[in-house]
Amino acid sequence: MSKLEQVKEKGQQVAEAIATVLKMEVEIIDDQLMRIAGTGQVRSSVGSKLLRGFVNKHVLKTGQSIFISNTGEHQICQTCPLATNCFYKAYIVYPIKINNNTIGTLSLIAFNDTQRETLCSSSQSLTEFISRMADLLVGKILERDMWAEKIVIANQLTAIVDSVYEGVVAIDEEGIVTHFNKSAEALVDTSKEAIIGKPVTTVLPGLPLKQVLQDAEGYKSKEIFVHLKNLHFHFVSTAKPILDEDGSIVGAVATFKDFSEAQKAAYKIIARQHTINFDDIIGKSKAITQVKRQSAKIAGSNSTVLIVGESGTGKEVFARAIHTASTHANHPFVAINCGAIPESLLESELFGYEDGAFTGAKRGGKPGKIELANGGTLFLDEIGNMSLYLQAKLLRVLQEKQIERVGGTKIIPVDIRVIAATNSNLNKMVDRGEFREDLYYRLSVIPLTIPPLRERKEDIPQLLNHYLKRHSQLLGKTITGFTPQAIQICIDYSWPGNVRELINTVEYAANLEDQELIQPSSLPPRIKKKSLAAVPVITNLVTIDELEKQAISMALQEFGWTDEGKEQAANVLGISRATIYRKINKYKLSPNGNGNGNGRPISLGF
4 MSKLEQVKEK GQQVAEAIAT VLKMEVEIID DQLMRIAGTG QVRSSVGSKL LRGFVNKHVL
64 KTGQSIFISN TGEHQICQTC PLATNCFYKA YIVYPIKINN NTIGTLSLIA FNDTQRETLC
124 SSSQSLTEFI SRMADLLVGK ILERDMWAEK IVIANQLTAI VDSVYEGVVA IDEEGIVTHF
184 NKSAEALVDT SKEAIIGKPV TTVLPGLPLK QVLQDAEGYK SKEIFVHLKN LHFHFVSTAK
244 PILDEDGSIV GAVATFKDFS EAQKAAYKII ARQHTINFDD IIGKSKAITQ VKRQSAKIAG
304 SNSTVLIVGE SGTGKEVFAR AIHTASTHAN HPFVAINCGA IPESLLESEL FGYEDGAFTG
364 AKRGGKPGKI ELANGGTLFL DEIGNMSLYL QAKLLRVLQE KQIERVGGTK IIPVDIRVIA
424 ATNSNLNKMV DRGEFREDLY YRLSVIPLTI PPLRERKEDI PQLLNHYLKR HSQLLGKTIT
484 GFTPQAIQIC IDYSWPGNVR ELINTVEYAA NLEDQELIQP SSLPPRIKKK SLAAVPVITN
544 LVTIDELEKQ AISMALQEFG WTDEGKEQAA NVLGISRATI YRKINKYKLS PNGNGNGNGR
604 PISLGF
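Sequential numbering from 4 applies to the sequence shown in this note's numbering.
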């Protein structure tokens with residue numbers, strides 16, 4: 004379809020207007036010699052193609068107007084078979100151009116002598132007149148092209164906005180909603196017809212777009228709450244003002260997404276930043292190599308794993324490596340220490356809660372760690388510290404693959420792999436009724452035991468040098484290694500705090516050392532005192548609990564009962580601050596009595 008044909012209705016209006024004013028007939032021809040508009044004798048031929056059109060062809064080719072005062076006598080007419088019998092008496096043919104391209108012609112035609120006389124007497128002024136009419140038609144064509152282009156751009160923009168995962172809403176300078184994409188409809192469960200054309204403060208209360216208009220400033224990743232149809236929505240939103248070419252504010256646009264989905268995305272990013280592979284686990288001893296091999300074999304499975312090992316052996320490191328090697332690697336790895344969170348808070352941390360679930364609950368509610376780990380791996384450290392009540396709830400999650408938030412009724416499906424870890428003897432806890440037997444068997448589908456550092460002493464030099472390199476760089480020092488004497492002292496030490504204690508030892512030594520190699524004098528005092536590091540000779544059989552109680556008592560006597568002393572004691576023993584407080588309560592330890600009821604420490608045969 005030619006450009007003139009696209010505006011044929013407007014062309015016919017122009018032709019009739021010219022004919023009415025000038026008392027002369029008008030004809031508009033496109034570049035394909037199709038008659039687009041016409042008046043008088045040619046009106047009935049509109050829509051048909053010119054059979055000859057010698058003059059129109061000439062004008063289309065040259066782009067120059069032509070005036071024929073007496074048909075049949077002009078040079079162009081000589082080749083026409085109707086040269087002596089043309090029903091046109093005279094005519095002016097003017098080119099219609101866009102960007103120097105001739106797209107058609109506009110003609111004034113005289114069919115009788117009166118019209119011919121008028122045309123001949125005023126040919127110059129009439130030519131100028133129809134040139135303006137030609138420009139008018141060009142303007143209409145360009146206007147139509149512009150609107151067509153705007154419609155295409157608008158449709159493209161709408162398609163792009165509708166394809167965006169986040170909700171998008173825009174308002175004009177009066178705060179009236181002008182755009183509302185499909186994702187926004189889904190997020191608030193409302194059609195755009197119910198939103199567009201209405202004040203944003205009415206249809207989306209809580210979305211601070213009017214404030215953006217007033218302050219002329221947007222916001223980024225802002226937590227907002229929208230109340231609509233008796234429902235409460237918790238979003239993360241980003242907004243910007245819309246400016247015209249003069250810098251004046253003509254509106255605002257905001258994107259928003261579900262708060263819990265934003266948190267999950269954040270956990271995915273964090274998980275990628277803390278990726279650990281089996282190759283990152285330091286050690287080539289037979290004991291650690293065997294565990295790494297076993298871990299690599301079970302990584303591809305979706306079965307629950309129970310990692311057992313003393314505190315500080317690197318249970319979470321193995322859990323992360325298993326996650327990285329699994330089919331869940333592109334999803335979150337979410338860790339929670341069940342022994343470091345008070346019992347009253349652990350449930351909401353695991354399962355999340357709804358708005359108003361309890362006093363102090365965060366407005367809008369909060370997803371729990373299980374929900375955030377959906378699609379990925381949930382690591383439950385110190386699982387033995389979980390109460391029987393929460394053990395029952397966890398068992399249900401493992402069996403039914405779904406949760407309910409605290410204070411909520413909505414069932415939320417979850418697809419997670421659970422890796423649990425403990426330094427406790429869960430078998431004995433089951434016998435004492437402290438741990439559910441059914442959960443124990445459900446968790447220990449694949450048991451994995453991490454060897455303590457004293458059982459893989461050949462790895463100690465490699466571990467020392469690995470962590471020395473890290474701490475040396477952090478401290479801006481050029482310490483290259485350990486002296487043979489320092490290494491031997493470390494090998495002879497029993498490392499009750501395992502790798503965690505070794506890392507702390509290396510940091511301590513790196514801070515003190517001024518030479519190129521770590522000297523024995525830079526090692527912590529407890530490492531150098533073999534009497535404290537050696538395994539005690541037990542003359543009477545005692546329980547592990549009694550040994551643990553005695554070790555904690557001795558550490559507290561050494562460092563004191565202040566908060567700082569307890570923290571130092573925990574570091575030396577290789578346990579967390581929360582664990583030492585829990586053990587103090589468990590064994591009823593005190594500065595005077597030490598928990599044995601007679602104020603004297605238990606004899607262990609030292």
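C-beta atoms are modelled at their ideal positions from N, C-alpha and C, and glycine is treated no differently.
Small disclaimer: the values here were computed from a predicted structure and weren't measured.
Put simply, the region 297-316 touches the region 440-447. At least three CB pairs are less than 8 Å apart.
Note on the region 443-484: whole beta strand (DSSP E) runs with a minimum of 3 residues are 449-452, in chain order. Rounded to whole angstroms, the Cβ separation of D33 and G142 is 17 Å, and the two are not in contact under 8 Å.
CA-to-CA, the gap between S525 and Q297 works out to about 38 Å. For E407, same chain residues with a beta-carbon under 8 Å away, outside a window of 5 residues either side, are F354, K413, I414 and I415 in chain order. Contact between A554 and L520 does not hold, since their C-beta atoms are separated by about 32 Å, which reaches or exceeds 8 Å.
Annotation for V180: no alpha helix (DSSP H) segment contains it, though the beta strand (DSSP E) segment containing it runs V180 to F183.
Take V180, set aside five residues on each side of it, and the residues of its chain with a beta-carbon closer than 8 Å to its own are V172, A173, I174, I198, I199, G200, K201, P202, V203, V206 and L207, in chain order. Within its own chain, no residue has a Cβ closer than 8 Å to the Cβ of L54 once the five positions on either side in sequence are excluded. Residue nearest to A242 within the set P455, G250 and Y222 is Y222 (criterion: CA-CA distance).
With contacts defined as CB atoms closer than 8 Å, F438 and L451 fail to qualify as a contacting pair. Here Y97 is bridged, per DSSP, to L109. The straight-line gap separating the alpha-carbon atoms of E264 and R323 is approximately 22 Å. Look at M37 here: in three-state DSSP terms it is strand. Less than 8 Å divides the Cβ of Y584 from the Cβ of K569. Segment contact: the region 39-46 against the region 56-74, fewer than three CB-CB distances shorter than 8 Å; contact not assigned. Counting C-beta pairs closer than 8 Å gives three or more between the region 419-433 and the region 373-389, which meets the contact rule. Taking all protein chains shown into account, K260 has 16 or more neighbouring C-beta atoms within 10 Å of its C-beta and is therefore buried. Taking C-alpha positions only, R457 is separated from N501 by approximately 8 Å. A residue is called buried when at least 16 other Cβ atoms come within 10 angstroms of its Cβ; S579 meets this threshold and is buried. The shortest CA-to-CA distance from V337 to any of F228, L246, T278 and A558 is the one to T278. Per DSSP, the continuous beta strand (DSSP E) segment holding E226 begins and ends at Y222 to L231.
A residue is called buried when at least 16 other Cβ atoms come within 10 angstroms of its Cβ; F183 meets this threshold and is buried.
Beta bridge pairing from DSSP links F382 with A338 and I422. In this structure L129 is in contact with L111, their Cβ atoms being roughly 6 Å apart against a cut-off of 8 Å. Counting only runs of 3 or more residues that sit fully inside the region 292-340, the beta strand (DSSP E) segments are 308-311 and 336-340, in chain order.
Look at D517 here: in three-state DSSP terms it is coil, with no helix or strand label.
Residues of the same chain with a CB within less than 7 Å of the CB of N388, apart from the 5 flanking positions on each side, are C341 and G342 in chain order. Fewer than three pairs of CB atoms, one per stretch, sit closer than 8 Å, so the region 210-220 makes no contact with the region 183-197. CA-CA distance, C80 to V96, rounds to 14 Å. Contact between Y356 and V400 does not hold, since their C-beta atoms are separated by about 16 Å, which reaches or exceeds 8 Å.
Rounded to whole angstroms, the gap between the alpha carbons of K460 and R529 is 18 Å.
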